[in-house]
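*Asks:*
Protein chains: 2
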Amino acid sequence: MRPTPSLTRNITCVGAGVIGGGWVAHFLARGYDVTAWDPAPDAEQRLRRLVDAAWPALTQLGPAEGASRDRLTVAPTLEEACAQAHFVQESAPEKLDLKRDLLARIDAATPADVVVASSTSGYPMTDMQTEAANPGRLLVGHPFNPPYLIPLVEVVGGEKTDDDAVAWASEFYDVAGKSVITMDRELPGFIANRLQEALWREALHMVANGEATVKEIDDSITEGPGLRWAFMGPCLTFALAGGEGGMAHMLDHFGPSLKSPWTRLEAPELDRKLYDGMVQGCEEAADGRTIAELVAERDQGVIDVLRATGRLPRGRNGETA
Amino acid sequence: MRPTPSLTRNITCVGAGVIGGGWVAHFLARGYDVTAWDPAPDAEQRLRRLVDAAWPALTQLGPAEGASRDRLTVAPTLEEACAQAHFVQESAPEKLDLKRDLLARIDAATPADVVVASSTSGYPMTDMQTEAANPGRLLVGHPFNPPYLIPLVEVVGGEKTDDDAVAWASEFYDVAGKSVITMDRELPGFIANRLQEALWREALHMVANGEATVKEIDDSITEGPGLRWAFMGPCLTFALAGGEGGMAHMLDHFGPSLKSPWTRLEAPELDRKLYDGMVQGCEEAADGRTIAELVAERDQGVIDVLRATGRLPRGRNGETA
């Protein structure tokens, strides 16, 4: 039986590597009872080490009342791990056949109607739910590393997933302290991974061609656009590059640059529909805030992030004068 | 005559839009005398408004001794603006012919040997320095918006640029409080823009195809990978996805996913050279820090950024239990 999201207590985590173990740490910190299973012989030892390493951070954040590492049980078999589950999070290695079989086994071992989410980084659930007897409760709940600190979870079902399972999972993750994007269609890599994968592949090309070093790539982000993206996304950030004219002026000015070889990824045609979509989308995302207000917000955000990460600009108090 | 970087006082900013005006604000806050020129009829009014809007942020950061908005002069002509310059920063619109002509005019109007930098977002200096009588002192100094808060400047010369001009500019920007990446070759879009342009074009594709909204794209970054990129770059971040095995294990595990359609950008072949280059590059970037130390650093960084931007996870203190 599927409990209501707010009465869900027993979380089962299948797979206890970096992501599975990170989910375990998250759910423990939010006060849940967690049962984990992983076939590796040293899995329990590694898992407890991962949770111990995460705990100081989670303690700083303020764990939920009653949260305790003692609420973690490592089950000897997948079947025992799933027997009492109110929710299952699967985080097995990224191999399609393995995920297909494993999800079918989880489905067989888990009480009826209980929702089963996969942490897959990019497989559509439609491709993974093929072997399961009850595919309607299988869906993707894609986290970011580390799941105990990065809020985002992307939720999306496959062709055979029930809409109410997707709605349940979105509500459950929200109750469990995550920031949820519920997608209405399957898309390889979902949303955030498509964006970071594009950046990552361009980075790999640059290293492969000797155009930049790993350190230059990392520094170029942390000293540059990464400072903005921690609190303002790439679209609104770029809208502010358009000055008082916002995204419309930015596209007027930089639209032609979409034809430039500034990355190996070709841009879409900037037709009227896309232009209008970006301008309107930024207006919606701005939600009533003027460009001047967004600029002030961005400036304060950058200062707060610089300060929080110990990087106030050098050269103050006359050192440069 | 080219002053030493630390004795440079008079900065000329040509172009006073979002980027040029941002440079003006930066140099004023660092205590420099700034002369600006822009052909737009309302340029001075807009510039002073931009500087006024930036000033509260710059005051928070602690301006250099003697820093004052009164040190800004708006010159009536380009020639007058450049006549006393110790350094010139050009930030004209992103049009190649315009930049070519303007840089030639700046070169003609600026004292001998004084370095002239262009804020271009992506044109190689080789393509822009064609009309100038003294191309050796022309180079790219590419900032990020807003230049008064984002530390990064990418410095790179063109084919005709003197090496000592590049070295001078790198040292000057460092003295002026910027974080400098000096590139040894021209690359369209430099480094950071290639990375953010790949992400941006993937975002535009998604909007064009109705796969995601502007708000979902922005949220997916600020609630996801953007939180990490403010203080740890994409390469080291991904190395931590490999757990105790670091980048090598991450590439073993996710290497095959480079063939997946997770973005429209095709990945390079992950051959032995690239594999080794990434692993070795991450080791160099880690600079002696173990994976466990990097994990602890990342966790503290995420917490600090969440806290600084007012986003401690919800669901604490029993709300979820």
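Residue numbers (this note's numbering), protein chains in the order written: chain R, 1154 to 1474; chain B, 1154 to 1474. The C-beta atom is built at its ideal place from N, Cα and C for all residues, glycine as well. The model shown is predicted, which means the values in this text are computed figures rather than measured ones.
1) Using 10 angstroms around the beta-carbon of ALA1383 (chain B), count the other beta-carbons present and answer buried if the total reaches 16, otherwise exposed.
2) Just curious, the beta strand (DSSP E) that ASN1163 (chain B) is in, first and last residue?
3) Beta-carbon within less than 8 Å of ARG1442 (chain B)'s beta-carbon, same chain only, minus the 5 sequence neighbours each way: which residues are those?
4) Identify every residue that forms a DSSP beta bridge with PHE1240 (chain B).
5) Any Cβ of chain R within less than 8 Å of the Cβ of LYS1412 (chain B)?
6) Find the nearest neighbour of PRO1264 (chain B) within the set B:MET1154, B:ARG1354 and B:TYR1428, judged by alpha-carbon distance.
7) Within the same chain, show all residues whose beta-carbon is closer than 6 Å to that of TRP1190 (chain R), passing over the 5 residues directly before and after it, in chain order.
8) Per DSSP, what kind of secondary structure is SER1413 (chain B) in: helix, strand or coil?
9) Grouping DSSP H, G and I as helix and E and B as strand, with all else coil, what is GLY1363 (chain R)?
10) Which partner residues of ALA1189 (chain B) appear in the DSSP bridge assignment?
11) Just by C-beta distance, which residues in the segment 1423-1446 of chain R are closer than 7 Å to chain B?
12) Can you find a CB in chain B that lies within less than 8 Å of the CB of MET1359 (chain R)?
13) Name the residue from R:GLN1237, R:PRO1158, R:GLU1218 and R:SER1244 whose alpha carbon lies nearest to the alpha carbon of GLY1175 (chain R).
14) Could you tell me which chain B residues have their CB closer than 9 Å to the CB of PHE1483 (chain R), listed as they occur along the chain?
15) Taking contact to mean 3 or more Cβ pairs, one atom from each stretch, closer than 8 Å, check whether the segment 1302-1316 of chain B and the segment 1384-1391 of chain R are in contact.
16) Less than 8 Å between CB atoms is the rule here; does ILE1303 (chain B) satisfy it with respect to chain R?
17) Could you pull out every unbroken alpha helix (DSSP H) segment of at least 4 residues lying fully inside the segment 1296-1332 of chain B, listed in chain order?
18) Return helix, strand or coil for THR1335 (chain B), following the three-state DSSP convention.
19) In the DSSP assignment, find the unbroken alpha helix (DSSP H) run with LYS1426 (chain B) in it and report its ends.
20) So ALA1351 (chain B) and PRO1421 (chain R) are in contact, right, with Cβ under 8 Å, and what is the actual spacing, rounded?
21) Which residues of chain B have a Cβ atom closer than 8 Å to the Cβ of MET1385 (chain R), listed in chain order?
22) How many angstroms separate the CA atom of LEU1256 (chain R) from the CA atom of TRP1208 (chain R)?
23) Look at ILE1172 (chain R) and VAL1187 (chain R) and say whether their C-beta atoms are less than 8 Å apart.
24) Counting only Cβ pairs nearer than 8 Å, list the residues of chain B close to SER1332 (chain R).
25) Just confirm the distance between the C-beta atoms of ALA1236 (chain B) and ALA1262 (chain B), as a whole number of angstroms; I'd bet it's less than 8 Å.
26) Going by C-alpha distance, which of R:ARG1338, R:GLU1197, R:GLU1419 and R:LEU1465 is nearest ARG1150 (chain R)?
27) Among residues of its own chain, excluding the 5 on either side of PRO1156 (chain B), which ones have a beta-carbon nearer than 6 Å to its beta-carbon?
28) Assuming LEU1292 (chain R) and THR1273 (chain R) make a contact with CB atoms under 8 Å, what is their CB distance in whole Å?
29) Three-state secondary structure (DSSP) at GLY1294 (chain R)?
30) Please work out which residues of its chain come closer than 6 Å, Cβ to Cβ, to ALA1329 (chain B), disregarding the five sequence neighbours upstream and downstream, and give them in chain order.
31) Is any beta-carbon of chain R found at less than 8 Å from that of LEU1255 (chain B)?
32) Would you mind telling me which residues of chain R sit closer than 7 Å to SER1274 (chain B), beta carbon to beta carbon, in chain order?
33) Say whether the segment 1395-1403 of chain B touches the segment 1424-1435 of chain B, bearing in mind that this needs 3 or more beta-carbon pairs closer than 8 Å, one atom from each stretch.
34) Taking the continuous alpha helix (DSSP H) assigned at ASP1205 (chain R), which residues delimit it?
35) Within the chosen definition, does the segment 1413-1428 of chain B reach the segment 1368-1379 of chain B through at least 3 CB pairs nearer than 8 Å?
36) Counting beta carbon pairs with one atom in the segment 1316-1331 of chain R and one in the segment 1279-1295 of chain R, are three or more of them shorter than 8 Å?
*Replies:* Taking the structure as given:
1) As a position in the second sequence, residue 1383 (chain B) is number 230, starting the count at 1. That one is buried.
2) The sequence position of residue 1163 (chain B) within the second sequence is 10, counting from 1. Start and end: 1163-1167.
3) Here residue 1442 (chain B) is taken as the residue at index 289 of the second sequence, counted from 1. The beta carbon of ARG1442 (chain B) sits closer than 8 Å to the beta carbons of GLU1450 from its chain, once the five residues preceding and following it are set aside; these are given in chain order.
4) Position 87 of the second sequence, counted from the start, is the residue given in the question as residue 1240 (chain B). Secondary-structure assignment with DSSP links PHE1240 (chain B) through a beta bridge to B:ILE1164 and B:VAL1268.
5) Taking the second sequence and counting its residues from 1, one reaches residue 1412 (chain B) at position 259. For LYS1412 (chain B), no CB of chain R lies under 8 Å from its own CB, so it is not counted at the interface with that chain.
6) Sequence index remark: in the second sequence, residue 1264 (chain B) carries index 111 (1-based). Nearest of B:MET1154, B:ARG1354 and B:TYR1428 to PRO1264 (chain B), Cα basis: B:MET1154.
7) Stepping through the first sequence from its first residue, residue 1190 (chain R) is reached at position 37. VAL1167, ALA1228, LEU1231 and ALA1234.
8) Translated into positions along the second sequence, residue 1413 (chain B) becomes position 260. In the structure shown, SER1413 (chain B) falls within a coil segment according to DSSP collapsed to helix, strand and coil.
9) Counting from 1 along the first sequence, the entry for residue 1363 (chain R) is found at position 210. It is coil, neither helix nor strand.
10) Here residue 1189 (chain B) is taken as the residue at index 36 of the second sequence, counted from 1. Per DSSP, the beta bridge partners of ALA1189 (chain B) are B:CYS1166 and B:VAL1227.
11) So the list reads LEU1427, GLY1430, MET1431, GLY1434, CYS1435, GLU1437, ALA1438 and ALA1445, given in the order they occur along the chain.
12) For the purposes of this step, residue 1359 (chain R) is identified with residue 206 of the first sequence, where counting begins at 1. Judged by the 8 Å Cβ criterion, MET1359 (chain R) is in contact with chain B.
13) Within the first sequence, numbered from 1, the residue matching residue 1175 (chain R) stands at position 22. Per the Cα distances, R:SER1244.
14) Residue 1483 (chain R) lies beyond the stretch modelled for chain R, which goes from 1154 to 1474, so this question has no answer here.
15) Under the three-pair Cβ rule at 8 Å, the segment 1302-1316 of chain B does not count as touching the segment 1384-1391 of chain R.
16) For the purposes of this step, residue 1303 (chain B) is identified with residue 150 of the second sequence, where counting begins at 1. ILE1303 (chain B) counts as touching chain R.
17) The DSSP assignment places complete alpha helix (DSSP H) segments of no fewer than 4 residues inside the segment 1296-1332 of chain B at 1316-1328, in order along the chain.
18) Position 182 of the second sequence holds residue 1335 (chain B). DSSP, reduced to helix, strand and coil, places THR1335 (chain B) within a strand of the structure shown.
19) Position 273 of the second sequence, counting from 1, holds the residue named residue 1426 (chain B). 1425-1439 is the span of the alpha helix (DSSP H), which, as asked, contains LYS1426 (chain B).
20) By one-based count along the second sequence, residue 1351 (chain B) stands at place 198. By one-based count along the first sequence, residue 1421 (chain R) stands at place 268. Contact flag wrong, Cβ pair sits at about 13 Å.
21) The count along the first sequence starts at 1 and reaches residue 1385 (chain R) at position 232. Identification of chain B residues near MET1385 (chain R) by a Cβ-Cβ cut-off of 8 Å yields ASP1371 and THR1375, ordered along the chain.
22) Counting from 1 along the first sequence, the entry for residue 1256 (chain R) is found at position 103. Counting from 1 along the first sequence, the entry for residue 1208 (chain R) is found at position 55. C-alpha separation (whole angstroms): 29 Å.
23) Mapped onto the first sequence, residue 1172 (chain R) falls at position 19. Mapped onto the first sequence, residue 1187 (chain R) falls at position 34. No.
24) As a working mapping, residue 1332 (chain R) is identified with position 179 in the first sequence. Chain B residues near SER1332 (chain R): ASP1372 and GLU1376.
25) What you label residue 1236 (chain B) is simply residue 83 of the second sequence in a count that begins at 1. What you label residue 1262 (chain B) is simply residue 109 of the second sequence in a count that begins at 1. Their Cβ separation, rounded to whole angstroms, is 7 Å, which keeps ALA1236 (chain B) and ALA1262 (chain B) in contact under 8 Å.
26) In the structure displayed, chain R extends from 1154 to 1474; residue 1150 (chain R) sits before or after that span and is not available.
27) Reading the second sequence from its first residue, position 3 is the one you call residue 1156 (chain B). HIS1239.
28) Stepping through the first sequence from its first residue, residue 1292 (chain R) is reached at position 139. Stepping through the first sequence from its first residue, residue 1273 (chain R) is reached at position 120. Contact flag wrong, Cβ pair sits at about 10 Å.
29) Working through the first sequence from its first residue, we reach residue 1294 (chain R) at position 141. In this structure, DSSP gives GLY1294 (chain R) an extended state, which the three-state scheme calls strand.
30) One-based indexing of the second sequence puts residue 1329 (chain B) at position 176. These residues qualify, in order along the chain: ARG1183.
31) One-based indexing of the second sequence puts residue 1255 (chain B) at position 102. Not closer than 8 Å to any Cβ of chain R, the Cβ of LEU1255 (chain B) fails to qualify, so no.
32) Here the question's residue 1274 (chain B) lines up with position 121 in the second sequence. Taking a Cβ-Cβ threshold of 7 Å, the residues of chain R close to SER1274 (chain B) are SER1410, in chain order.
33) With a cut-off of 8 Å, the segment 1424-1435 of chain B and the segment 1395-1403 of chain B count as touching, because enough Cβ pairs lie within range.
34) For the purposes of this step, residue 1205 (chain R) is taken as residue 52 along the first sequence, with counting starting at 1. Its alpha helix (DSSP H) spans residues 1196-1214.
35) Between the segment 1413-1428 of chain B and the segment 1368-1379 of chain B, the count of C-beta pairs closer than 8 Å stays below three; the two stretches do not touch.
36) The segment 1316-1331 of chain R and the segment 1279-1295 of chain R touch, with three or more beta-carbon pairs separated by less than 8 Å.
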